[in-house]
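I have placed the structure first, in the form of structure tokens, so that the comments after it can refer back to it.
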Amino acid sequence: MPTGCSDDLLPWADCADDMLNTKHPYMCHAAMNAILNQNVPDISGSTLYVTRFPCVECVKLIIQAGINSICYLRDDHTDIESEAARYMLDMCKVSYKYAWVI
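Under UniProt numbering, the sequence shown has 94 at position 94, and the numbering climbs by one with no breaks.
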């Protein structure tokens, strides 16, 4: 959740009849948090390690930040936005790979 938004007041459900009663409109993804909360002046040329393959919105941030490599553990995106994300990463020569961990 964004800084200043209480985790106790916002929903944590993954699914609900009303989208506003789920976590999705409120949460920040891991890639976004990593980029926004960096502790060095420049992260260009770095590698981003995330649990899931980044969504298309996070991919835009990754490209803008100059990150040149992504390692992920899980890819459960199969929609058109995922295709767009991969297309942009390929176009900008940002490598991405499944990082299997023992």
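Note that CB positions come from ideal geometry on N, CA and C, so glycine has one too. As the structure is a computational prediction, the values presented were derived from the model and not from experiment.
Starting from the Cα of residue i, find the closest Cα among the options and give me that residue.
i, options, result
"residue 28", "48, 9, 44, 55", "55"
"residue 85", "35, 17, 49, 63", "63"
"residue 4", "26, 50, 15, 66", "26"
"residue 99", "50, 11, 69, 73", "73"
"residue 92", "38, 68, 76", "68"
"residue 61", "34, 8, 90, 81", "34"
If you count every other CB in all the chains shown that lies within 10 Å of the CB of residue i, and 16 or more means buried, which is it?
i, result
"residue 48", "buried"
"residue 15", "exposed"
"residue 31", "buried"
"residue 40", "exposed"
inquiry  = So within the UniProt domain "CMP/dCMP-type deaminase" (1-102), which uninterrupted alpha helix (DSSP H) runs reach at least 4 residues, ignoring any that extend past its ends?
reply    = 30-36, 56-65, 80-91
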